[in-house]
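Numbering (this note's numbering), first residue to last: 8 to 329.
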């Protein structure tokens, strides 16, 4: 079964070249690599299709441009700061007997013996937190999950066709949350495939913490939940966000994990992102009304799914890093 590989990069570089080499070794004759780049590549490519977007217009835009170049196909999406184990594509290929999103086990490029993420948990306000971060690869995690990682995921062609394009209004961060929730609403599962291993250089693209990143994360989280969350839960979201901020602030106060590195600029960005996200309620609600016509998973089972995949509290106040 054919899988096309979409690699998103800015202008290439060493990490991109390493990623490309790791993919090329695994291709079947019908597979194809498509590179979407937002700046001129440092080295020209003659053997693969490349699409130049003339500036970075967001991760969602890059994904949409790449996928639309070869319609109705299975796509393995990769950031350019990833590198695949030699059998990764073949392991994923064997999963394509049913429409779903398939999540590889992503390990840290800096600490290859540790999991960086196995997809994401989701907090009840829509904030996503990496599953299994810092754990050994032998860690057993639920087979199904609520949010895939945008760093690497295999999208079945039927899911792409029925869920539709990534939301370019979100620009960057949270597009995977939005698309995951939309897919689940339409009845498609997200399945963890721990035998398929991808290594990722965490923070290589945008860094770990900044005002702009925090703004995008919080703004897009709000937009995603308005579009897909159960209506009764939307009324509770401000409480859950306030609770999360308190827990994360506690982690920062005692100097634990990523939270301890968050600057005042990032905190300001998070506040601004929340304000901006809620100010666009009308736009998100309009998208919700259009999506709702095709929902297969109604509010009650959707809410039960969210509770089942709620992150452990320790991962909220003490997120691990490498």
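Backbone N, C-alpha and C fix where the C-beta goes; we use that ideal spot for every residue, glycine too.
If you're wondering where the values come from, they're calculated on a predicted model, not measured in any experiment.
request  = From the DSSP output, in three-state form, read off residue 45 for me.
outcome  = coil
_Could you compute how far the alpha carbon of residue 52 sits from the alpha carbon of residue 37?_
19 Å
Check your understanding: Thinking C-beta only, is residue 49 closer than 8 Å to residue 20?
Key -> yes
**Study point:** Integer-rounded CB distance, given that residue 109 should sit under 8 Å from residue 200
**Key:** 5 Å
Exercise. Residue 86 and residue 15: beta carbons closer than 8 Å?
Worked result: yes
message: So, at 8 Å on beta carbons, what are the nonlocal neighbours of residue 72 in its own chain, with the 5 sequence-adjacent residues on each side left out?
response: 43, 58, 60
Could you spell out where the beta strand (DSSP E) holding residue 128 opens and where it closes? 127 to 129
* Extent of the continuous beta strand (DSSP E) run through residue 16 -> 11 to 16
key: Residue from 305, 75, 232 whose Cα sits closest to the Cα of residue 168   = 75
Discussion item. According to DSSP, is residue 89 part of a helix, a strand, or is it coil?
Written reply: strand
For residue 207, name the three-state secondary structure that DSSP assigns.
strand
>> Relative to the C-alpha of residue 231, which candidate in 187, 155, 128, 90 has its C-alpha closest?
In response: 187
**Asked** So what's residue 232 in DSSP terms, helix, strand or just coil?
**Response** helix
Would you mind giving the Cβ-Cβ distance between residue 98 and residue 10, rounded to the nearest angstrom? I have them listed as a contact below 8 Å.
Between residue 10 and residue 98 the Cβ distance is about 11 Å, and since that is not below 8 Å, they are no contact.
Among residues of its own chain, excluding the 5 on either side of residue 254, which ones have a beta-carbon nearer than 8 Å to its beta-carbon?
320, 323, 324
- residue 29, buried or exposed, once every other Cβ within 10 Å from all chains shown has been counted against 16: buried
Check your understanding: DSSP beta-bridge partners for residue 161?
Key -> 83, 109
### Message
Taking the alpha helix (DSSP H) that residue 142 belongs to, which residues open and close that run?
### Response
That residue, residue 142, is in no alpha helix (DSSP H); it is neither H nor E in DSSP.
Whole-number beta carbon distance between residue 156 and residue 127, since they are thought to touch under 8 Å: 6 Å
Look at the alpha carbon of residue 197 and the alpha carbon of residue 165, and state the distance between them as a whole number of angstroms. 13 Å
Secondary structure of residue 266, DSSP reduced to three states: Below a pLDDT of 50, predicted positions are generally treated as unreliable, and residue 266, at 48, falls in that range; the measurement from the model is reported next regardless. In this structure, residue 266 counts as helix in the three-state DSSP scheme.
Check: DSSP on residue 114, reduced to helix/strand/coil?
Finding: strand
Nearest candidate by alpha-carbon position, reference residue 106, set 190, 123, 39: 190
DSSP on residue 198, reduced to helix/strand/coil? strand
Pick from 277, 146, 233 that is closest to residue 217, judged by C-alpha positions
277
Coarse secondary structure for residue 57, derived from DSSP in three states:
strand
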